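To start, the structure itself, in structure tokens.
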Amino acid sequence: MHLRSASLLSSVAVTLVLAGAIPARAETLRDALVRAYRDNPTLSAQRAAQRANDENVPIARSQGRPNVAAQGGFTDNFLRGGNSFTTPERRLDAQIGVQVPLYQGGRVRNGVLAAETRVEAGQANLRGAEATTFTDVVSVYNNVIRDEAIVGLNSQNVRVLETNLRASRDRFEVGDLTRTDVAQSEARLSLARAQLQSAQATLISSRENYVRLVGAPPGTLEQPPVLPKFPQSPDGAVDVALQDNPNLIAARRARDATDYDVRVARASRRPQVNATLSQNYFNFLGSLGQGSAAGLGSVQTGNATAAGVTLNVPLFQGGRPGALVRQAQELRGQAIEQATAAERQVIASARSAFAVWRSSLEVIASAEAAVNANKLSLEGVRAENSVGTRTVLDILNAEQELLNSQVTLVSARRDAYVAGFALLAAMGHAEAEDLGLDGGPLYDPTIHYAKVRGKLNDFDDGQRAVPVASSTSGTRPQTAVVTRPLDPLLESNVDRTPALTTGVDTPRP
Numbered sequence: 019m020h021l022r023s024a025s026l027l028s029s030v031a032v033t034l035v036l037a038g039a040i041p042a043r044a045e046t047l048r049d050a051l052v053r054a055y056r057d058n059p060t061l062s063a064q065r066a067a068q069r070a071n072d073e074n075v076p077i078a079r080s081q082g083r084p085n086v087a088a089q090g091g092f093t094d095n096f097l098r099g100g101n102s103f104t105t106p107e108r109r110l111d112a113q114i115g116v117q118v119p120l121y122q123g124g125r126v127r128n129g130v131l132a133a134e135t136r137v138e139a140g141q142a143n144l145r146g147a148e149a150t151t152f153t154d155v156v157s158v159y160n161n162v163i164r165d166e167a168i169v170g171l172n173s174q175n176v177r178v179l180e181t182n183l184r185a186s187r188d189r190f191e192v193g194d195l196t197r198t199d200v201a202q203s204e205a206r207l208s209l210a211r212a213q214l215q216s217a218q219a220t221l222i223s224s225r226e227n228y229v230r231l232v233g234a235p236p237g238t239l240e241q242p243p244v245l246p247k248f249p250q251s252p253d254g255a256v257d258v259a260l261q262d263n264p265n266l267i268a269a270r271r272a273r274d275a276t277d278y279d280v281r282v283a284r285a286s287r288r289p290q291v292n293a294t295l296s297q298n299y300f301n302f303l304g305s306l307g308q309g310s311a312a313g314l315g316s317v318q319t320g321n322a323t324a325a326g327v328t329l330n331v332p333l334f335q336g337g338r339p340g341a342l343v344r345q346a347q348e349l350r351g352q353a354i355e356q357a358t359a360a361e362r363q364v365i366a367s368a369r370s371a372f373a374v375w376r377s378s379l380e381v382i383a384s385a386e387a388a389v390n391a392n393k394l395s396l397e398g399v400r401a402e403n404s405v406g407t408r409t410v411l412d413i414l415n416a417e418q419e420l421l422n423s424q425v426t427l428v429s430a431r432r433d434a435y436v437a438g439f440a441l442l443a444a445m446g447h448a449e450a451e452d453l454g455l456d457g458g459p460l461y462d463p464t465i466h467y468a469k470v471r472g473k474l475n476d477f478d479d480g481q482r483a484v485p486v487a488s489s490t491s492g493t494r495p496q497t498a499v500v501t502r503p504l505d506p507l508l509e510s511n512v513d514r515t516p517a518l519t520t521g522v523d524t525p526r527p
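This note's numbering applies: residue 19 is where the sequence shown begins, and numbers increase by one.
So, in structure tokens, the structure goes:
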């Protein structure tokens, strides 16, 4: 269907395929992607829409195929004139006719080509829907990991500040600190609790979005696998995107289909030639001339066969053909501009994703350095406070600086991964085939298309529509409980005891 970069494709498959069966609750990124691929309602709806789009091809083909119709009737002339001996009292008629289109001015041929081209566009749109769904899953997966870490960091901060407040009150009782110092500790603890509540609400929201996209609550999510290597420059990413991005391919094929639409509209001005064949049967049921001598020997039944060719030459149609052509040309102009807009969008998406990915990597490096530096700073401030050269406010500020750098680090990790996957999607390499999802047979839209494109049966209704994606109404509301241990780099391994007079060590998460 489209060209692929072999090296990039293989590296994506190697890095994102993890062995093992799908658990009841997604634990790895691969598990989440496989489950969403099979159970996401947006993706299932897009597949159904494409199957409906496939049917436009046999619909267009039917316009050039023979049309066979049968007709029958029974007539009872129960009121007749006195001399109507030539009119049968009863009449039974049956007729079967065949009409074969011989020439339709190109309407059928171009209509079929337009439908086939739109099937190709729809298949590309389905690829784009897969990439969008997977990008959303990757985003929410990393959101949960990020928000769990932020809740853990804020919980740790609250516990530390609670211990600080107890120490400040004890030192205030012995006259070592002032009431102002205690108030500062109380204010910072209240702010930390508010930040924790906000972080917990954000985590619940991320988990609910995970349920919405994947169809099941998140378990203990593992860190996502390493992404493949990307082009060295945004221009390299754009080159791949302009070739493989499914949304751009779909827009271009939709543009191509409108050229055939113009030809279909022009065909309405051209002559049409049809061949006809009919067979007629009549039976007067013995009622012709009934009750009169004239009716003796009258023919009561008969058959008639006719064949011919009809030529229909449009001379004047009230301006309808011209309006159809003008309309089709304007719709083609719209499709051309939409293809250009899609191209611009693809270029912008590839460049922006590349920029965010590269900048996030730099932020990660800077944030890791900041975390390590803030740990040393906090430990030094606490030590200096124990000898009276630093205030309680200095300690509180150092604690907040450490927390801020830790939050920046986990956010940058999330941003880098999501931007990297978005770059894969922009380049057209973030679909099920690319990711090597092996949780069962992959959905192939060409199978249904090959099955229906040549069908002739008027009574083949196909399969009744049934739900595919599962309902999440039975899932429990998500909570902000975090069981994941913090990354060792994020843990505040700082000696806080010099600032304490209670003899209680800083609580560990």
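Backbone N, C-alpha and C define an ideal beta-carbon position, used for all residues, glycine too. The structure presented is a predicted model; accordingly, all values stated were derived computationally and were not measured.
Could you give the distance in angstroms between the alpha-carbon of residue 349 and the alpha-carbon of residue 259? Start at 1 with the first residue of the sequence shown, and residue 349 comes out as number 331. Start at 1 with the first residue of the sequence shown, and residue 259 comes out as number 241. Near 26 Å, if we compare the C-alpha coordinates of residue 259 and residue 349.
I think residue 268 touches residue 139, with their Cβ atoms under 8 Å apart; what is that distance to the nearest whole Å? What you label residue 268 is simply residue 250 of the sequence shown in a count that begins at 1. What you label residue 139 is simply residue 121 of the sequence shown in a count that begins at 1. That belief holds up - the Cβ atoms of residue 268 and residue 139 are roughly 5 Å apart, short of 8 Å.
Residue span of the alpha helix (DSSP H) that contains residue 461, given as start and end: Counted from its first residue, the sequence shown places residue 461 at position 443. Segment: none, residue 461 is in no alpha helix (DSSP H) and carries neither H nor E.
Going by the CB atoms, is the gap between residue 391 and residue 270 shorter than 7 Å? Counting from 1 along the sequence shown, the entry for residue 270 is found at position 252. Counting from 1 along the sequence shown, the entry for residue 391 is found at position 373. Between residue 270 and residue 391, the C-beta spacing is not below 7 Å.
Between 135, 119, 250, which lies nearest to residue 290 when the distance is taken from Cα to Cα? Numbered from 1 along the sequence shown, position 272 holds the residue referred to as residue 290. Comparing alpha carbon positions, the residue from 135, 119, 250 closest to residue 290 is 119.
Residue 329 - partner residues in DSSP beta bridges: As a working note, residue 329 is residue 311 in the sequence shown. Beta-bridge analysis with DSSP links residue 329 to 291.
7 Å Cβ cutoff met for residue 111 and residue 334: Taking the first residue of the sequence shown as position 1, residue 111 is located at position 93. Taking the first residue of the sequence shown as position 1, residue 334 is located at position 316. Taking a C-beta distance under 7 Å as the contact criterion, residue 111 and residue 334 do not qualify as a contact pair.
Secondary structure, alpha helix (DSSP H): runs of 4+ residues fully inside the stretch 336 to 407: Counting only runs of 4 or more, we get 338 to 404.
Alpha carbon of residue 204 to alpha carbon of residue 183, nearest angstrom: Here residue 204 refers to the residue found at position 186 when the sequence shown is read from its first residue. Here residue 183 refers to the residue found at position 165 when the sequence shown is read from its first residue. Each residue's alpha carbon lies about 6 Å from the other.
Does the stretch 158 to 174 come within contact of the stretch 216 to 224, defined as at least 3 CB pairs closer than 8 Å? With the rule of 3 Cβ pairs closer than 8 Å, the stretch 158 to 174 counts as touching the stretch 216 to 224.
Neighbour-count burial assignment, residue 469, 16 or more Cβ in a 10 Å radius: Walking along the sequence shown from the start, residue 469 turns up at place 451. In the assembly as shown, residue 469 is an exposed residue. Its beta-carbon has fewer than 16 other beta-carbons within 10 Å.
Pick helix, strand or coil for residue 190, following the three-state DSSP scheme. The count along the sequence shown starts at 1 and reaches residue 190 at position 172. Here residue 190 sits in helix by DSSP.
Please check the pair residue 428 and residue 168, which I expect to be a contact at CB under 8 Å, by giving their CB distance rounded to whole angstroms. Numbered from 1 along the sequence shown, position 410 holds the residue referred to as residue 428. Numbered from 1 along the sequence shown, position 150 holds the residue referred to as residue 168. Indeed they touch by this definition, with Cβ atoms about 6 Å apart.
Start and end of the beta strand (DSSP E) containing residue 85? Within the sequence shown, numbered from 1, the residue matching residue 85 stands at position 67. For residue 85, the uninterrupted beta strand (DSSP E) run begins and ends at 85 to 94, by DSSP.
Counting C-beta neighbours from all protein chains within 10 Å, is the total for residue 436 16 or more, i.e. buried, or is it exposed? Within the sequence shown, residue 436 is the residue found at index 418, counting from 1. Within a 10 Å sphere around the beta-carbon of residue 436 sit 16 or more other beta-carbons, which makes this residue buried.
Measure how close the beta-carbons of residue 154 and residue 466 come, nearest whole angstrom, since I'm counting them as under 8 Å. Your numbering for residue 154 matches position 136 in the sequence shown. Your numbering for residue 466 matches position 448 in the sequence shown. Contact flag wrong, Cβ pair sits at about 25 Å.
Using 7 Å as the threshold, is the C-beta distance between residue 175 and residue 504 below it? By one-based count along the sequence shown, residue 175 stands at place 157. By one-based count along the sequence shown, residue 504 stands at place 486. No; because the gap between Cβ atoms is not below 7 Å, this pair is not in contact.
Assuming residue 208 contacts residue 195 under a Cβ cut-off of 8 Å, what Cβ separation, rounded to an integer in Å, is found between them? Here residue 208 is taken as the residue at index 190 of the sequence shown, counted from 1. Here residue 195 is taken as the residue at index 177 of the sequence shown, counted from 1. About 18 Å separates the two Cβ atoms, so there is no contact after all.
Indicate the three-state DSSP secondary structure (helix, strand or coil) for residue 439 in the structure shown. By one-based count along the sequence shown, residue 439 stands at place 421. Correct three-state label for residue 439: helix.
What's the gap between the Cα of residue 508 and the Cα of residue 171? For the purposes of this step, residue 508 is identified with residue 490 of the sequence shown, where counting begins at 1. For the purposes of this step, residue 171 is identified with residue 153 of the sequence shown, where counting begins at 1. The straight-line gap from Cα to Cα measures roughly 8 Å.
Length of the line joining the Cα atoms of residue 134 and residue 97: Here residue 134 refers to the residue found at position 116 of the sequence shown. Here residue 97 refers to the residue found at position 79 of the sequence shown. Going by the C-alpha atoms only, they are around 58 Å apart.
Top-ranked residue by Cα proximity to residue 449, from 76, 64, 152: As a working mapping, residue 449 is identified with position 431 in the sequence shown. Check the Cα spacing between residue 449 and each of 76, 64, 152: the tightest is with 152.
Straight-line Cα distance separating residue 178 from residue 236: As a working mapping, residue 236 is identified with position 218 in the sequence shown. As a working mapping, residue 178 is identified with position 160 in the sequence shown. If you draw a straight line from the Cα of residue 236 to the Cα of residue 178, it comes to about 29 Å.
Out of 298, 305, 332, which one is the CA nearest neighbour of residue 322? For the purposes of this step, residue 322 is identified with residue 304 of the sequence shown, where counting begins at 1. Of the residues 298, 305, 332, the one whose Cα lies closest to the Cα of residue 322 is 298.
Is it buried or exposed for residue 439, if we count other Cβ within 10 angstroms and need 16 for buried? The residue you call residue 439 lines up with position 421 of the sequence shown. With 16 or more Cβ atoms within 10 Å of its Cβ, residue 439 is classed as buried.
Please report how far the alpha carbon of residue 157 lies from the alpha carbon of residue 231, in whole angstroms. As a working note, residue 157 is residue 139 in the sequence shown. As a working note, residue 231 is residue 213 in the sequence shown. C-alpha separation (whole angstroms): 10 Å.
Here's the rule: buried if 16 or more other CB atoms are within 10 angstroms of the residue's CB, otherwise exposed. What is residue 18? What is shown of the chain runs 19 to 527, which leaves residue 18 out entirely.
Who are residue 119's beta bridge partners in DSSP? By one-based count along the sequence shown, residue 119 stands at place 101. Looking at the DSSP assignment, residue 119 forms a beta bridge with 292.
Any idea what DSSP makes of residue 111, helix, strand or coil? Counting from one through the sequence shown, the residue named residue 111 turns up at place 93. Correct three-state label for residue 111: strand.
Go to residue 226, then tell me how far its alpha helix (DSSP H) extends in each direction, as first and last residue. Residue numbering aside, residue 226 sits at position 208 when the sequence shown is read from its first letter. That run of the alpha helix (DSSP H) goes 197 to 232.
Residue 408 versus residue 150: straight-line alpha-carbon distance, rounded: Numbered from 1 along the sequence shown, position 390 holds the residue referred to as residue 408. Numbered from 1 along the sequence shown, position 132 holds the residue referred to as residue 150. C-alpha separation (whole angstroms): 52 Å.
Residue 256 lies in the alpha helix (DSSP H); which residues open and close that run? One-based indexing of the sequence shown puts residue 256 at position 238. According to the DSSP assignment, residue 256 belongs to the alpha helix (DSSP H) that extends over 252 to 262.
Rounded C-alpha distance that separates residue 293 from residue 69: As a first step, residue 293 must be located in the sequence shown, where it is residue number 275. As a first step, residue 69 must be located in the sequence shown, where it is residue number 51. When rounded, the distance between both Cα atoms is 34 Å.
Between 67, 234, 189, which lies nearest to residue 54 when the distance is taken from Cα to Cα? Residue numbering aside, residue 54 sits at position 36 when the sequence shown is read from its first letter. The candidate whose alpha carbon is nearest that of residue 54 is 234.
Please list, in chain order, all residues of the same chain as residue 432 whose beta carbon is under 8 Å from its beta carbon, the five residues on each side excluded. The residue given as residue 432 occupies position 414 in the sequence shown. Hits under 8 Å: 160, 161, 163, 164.
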